[in-house]
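S.K.: Supplied in structure tokens, the structure appears directly below.
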Amino acid sequence: MFPERVLSGMRPTGLLHLGHYHGVLKNWVKLQNEFPCLFFVADWHALTTHYETPEVIKENVWDMVIDWLAAGVDPEKATLFIQSKVPEHAELHLLLSMNTPLSWLERVPTYKDQQEKLSDKDLGTYGFLGYPLLQSADILIYRATQVPVGEDQVPHIELTREIARRFNHFYSKEKLLDAKGAEIGRKPILLEPKALLTEASKMPGLDGMKMSKSYQNTLALRETPENISQKIRKMPTDPARVRRTDPGDPAKCPVWQLHEVYSDDNTKQWVQEGCKSAGIGCIQCKEPIIQAVTAELAPMRERAAMYTENPALVRKIIEEGCDRARAMATDTMKDVRKHMGLDYS
């Protein structure tokens with residue numbers, strides 16, 4: 001009834017790092033070759049936690065889009081757009097809010113989790129409470145069939161399915177018939193999406209914790225070879241290796257976590273044997289990682305340079321993507337208004 005369509009978005013947080021690449025962007029590049037995809041900048045979502053500093057969002061939007069393109073997201077294969085440039089998102093969000101129970105939003109697991117994690121911010125706002133509903137509107141307005149998420153985001157997709165089901169129950173009147181003419185349900189207005197489960201990112205930061213800007217342990221996608229080498233060489237290692245001749249344990253060393261991401265079996269064996277016997281030093285151990293990360297980021301830096309030197313090209317890509325996205329959103333809203341009795345023409 002509806003064509004296959006994948007939708008995913010990302011808040012504009014500025015320059016992206018390897019955690020974003022291994023956790024999201026690498027999957028986007030794969031999906032764009034398998035499905036029609038829409039990837040959007042969730043700038044309205046950024047306002048739910050950064051409403052006091054909206055001025056930083058604008059610059060972050062363009063930095064993030066350039067990083068998407070640098071990572072291999074192809075505007076010829078996927079539609080790239082900015083959420084706020086498609087105001088139908090806000091209209092559908094408003095209409096859905098009229099019949100979405102408050103308790104459904106309050107039970108979303110990340111609602112209280114985020115309030116606790118961001119205790120320095122006043123998140124007792126209508127916008128923060130309603131952000132899962134805006135997220136649902138983002139998905140439903142494109143009638144996306146699949147949404148790539150990690151396990152922690154599955155409740156958001158289940159909420160979206162419930163919202164679509166409730167909306168269709170209230171407003172869908174057109175019967176669906178089987179081959180014998182028997183009624184088997186109502187024709188949906190909004191499509192219930194499926195969660196497309198993705199593996200959690202295994203990209204550790206430079207200190208062994210999850211790579212995150214808040215931990216200041218990242219390697220940016222546009223990091224220079226000099227910075228890559230400097231940052232990795234400064235990484236902490238097994239504290240038992242005080243001297244070069246002291247044996248160590250890779251399991252206690254953050255560098256080993258990077259070997260698990262980047263190194264082949266032979267290199268891993270070399271690290272295990274060399275570290276435990278003190279046959280290699282920590283700087284030697286880090287060299288294969290420096291080479292692997294430098295090689296991975298080299299083509300991204302080249303592609304990024306093409307776009308940073310031609311910002312008009314980036315804006316053209318987004319403008320065309322916004323036009324395509326808005327055409328899809330407009331079609332959905334025509335149906336929504338008609339079935340809700342809001343089409344007064």
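Position one of the sequence shown corresponds to residue 1 (UniProt numbering), numbered consecutively onward.
Glycine is no exception: its CB is placed at the ideal position from the N, C-alpha and C atoms.
Computed from a prediction, not measured in an experiment: that's the story for all the values here.
1. Under the assumption that Cys-322 contacts Lys-85 (Cβ atoms under 8 Å), give the Cβ distance between them as a whole number of angstroms.
2. Please classify Asn-217: is it buried, with 16 or more other beta-carbons within 10 angstroms of its beta-carbon, or exposed?
3. What does a CB cutoff of less than 6 Å around Ala-200 pick up in its chain, not counting 5 residues either side in sequence?
4. Identify which residue in Asp-63, Tyr-51 and Val-41 has its Cα closest to the Cα of Arg-301.
5. I need the DSSP call for Glu-183, collapsed to helix, strand or coil.
6. Using a Cβ-Cβ cut-off of 7 Å (strictly less than) and excluding sequence neighbours within five positions of Arg-166, which residues of its own chain qualify?
7. On the DSSP bridge list, what partners appear for Gln-146?
8. DSSP puts Leu-80 in a beta bridge; with which residues?
9. Count the other CB atoms, across all protein chains shown, that sit within 10 Å of the CB of His-89; report buried if there are 16 or more and exposed otherwise.
10. Give me the residue from Ile-232, Lys-180, Val-61 and Met-235 with the minimum Cα distance to Thr-13.
11. Since Pro-204 sits in a beta bridge, which residues does DSSP pair it with?
12. Leaving aside the five residues before and after Asn-33 along the sequence, list all residues of the same chain whose C-beta is less than 8 Å from its C-beta, in chain order.
13. Can you tell me where the alpha helix (DSSP H) holding Leu-159 begins and where it ends?
14. Measuring CB atoms only, is the stretch 132-148 touching the stretch 189-199, in the sense that at least three cross pairs come out at less than 8 Å?
15. Which residue spans inside the stretch 227-281 form an unbroken alpha helix (DSSP H) run of at least 4?
16. Of all the alpha helix (DSSP H) runs that stay within the bounds of the stretch 77-133, which reach a length of 4 or more residues?
17. Assuming Leu-206 and Lys-231 make a contact with CB atoms under 8 Å, what is their CB distance in whole Å?
18. What does DSSP give as the partner residues of Ala-220 in its beta bridges?
19. To which residues of the same chain is Arg-326 closer than 6 Å at the C-beta, ignoring the five residues directly before and after it?
20. Find out if the Cβ-Cβ distance for the pair Trp-28, Val-73 is shorter than 9 Å.
21. So, with DSSP's three-state summary, where would you put Leu-176?
22. Return the Cβ separation of Leu-219 and Ile-228 in integer angstroms, given the expectation that the two are a contact with Cβ distance under 8 Å.
23. Which residue from Val-261, Asp-249, Ile-290 and Ala-295 puts its Cα closest to that of Ala-278?
24. What does the alpha-carbon distance come out to for the pair Arg-143 and Glu-162?
25. What would DSSP say about Asp-343, mapped onto helix, strand or coil?
26. Do Gly-127 and Tyr-51 count as a contact pair if the criterion is CB distance below 9 Å?
27. I'd like to check one pair, Tyr-111 with Leu-105: are the Cβ atoms closer than 9 Å?
28. Using beta-carbon positions only, say whether Glu-91 and Met-340 come within less than 9 Å of one another.
29. On the DSSP letters alone, give me the boundaries of the alpha helix (DSSP H) that Glu-55 sits inside.
30. So, Ser-263 versus Ala-292, is the Cβ gap smaller than 9 Å?
31. For Pro-311, which of helix, strand or coil comes out of DSSP?
32. Taking only the alpha-carbon atoms, compute the straight-line gap between Ala-295 and His-156 and give it to the nearest angstrom.
33. Assign Tyr-21 to buried or exposed, taking buried as 16 or more other Cβ atoms, counted over all protein chains shown, within 10 Å of its Cβ.
34. Using only the heavy atoms of the ligand SAM, determine whether one of them is closer than 8 Å to the beta carbon of Val-293.
35. Is it buried or exposed, Gly-181, if we count other Cβ atoms within 10 angstroms and call 16 or more buried?
M.R.: With the given structure in hand:
1. Yes, they are in contact, since the Cβ atoms of Cys-322 and Lys-85 sit about 4 Å apart, within 8 Å.
2. buried
3. Gly-150
4. Ranked by how close their Cα comes to the Cα of Arg-301, the residues Asp-63, Tyr-51 and Val-41 have Asp-63 in first place.
5. strand
6. Asn-99
7. DSSP, once it has assigned bridges, lists Val-6 and Lys-194 as partnering Gln-146.
8. Phe-39
9. buried
10. Checked all of Ile-232, Lys-180, Val-61 and Met-235; the closest Cα to Thr-13 is Val-61.
11. Lys-210
12. Lys-77
13. 154-171
14. yes
15. 254-262 and 265-277
16. 88-97, 102-106, 109-117 and 126-129
17. 6 Å
18. Answer is His-17, bridged to Ala-220.
19. Val-86
20. yes
21. strand
22. 6 Å
23. The option with the nearest alpha carbon to Ala-278 is Asp-249.
24. 14 Å
25. coil
26. yes
27. yes
28. no
29. 55-71
30. yes
31. helix
32. 36 Å
33. buried
34. Absent from the structure shown: the ligand SAM. Ligands present: none.
35. exposed
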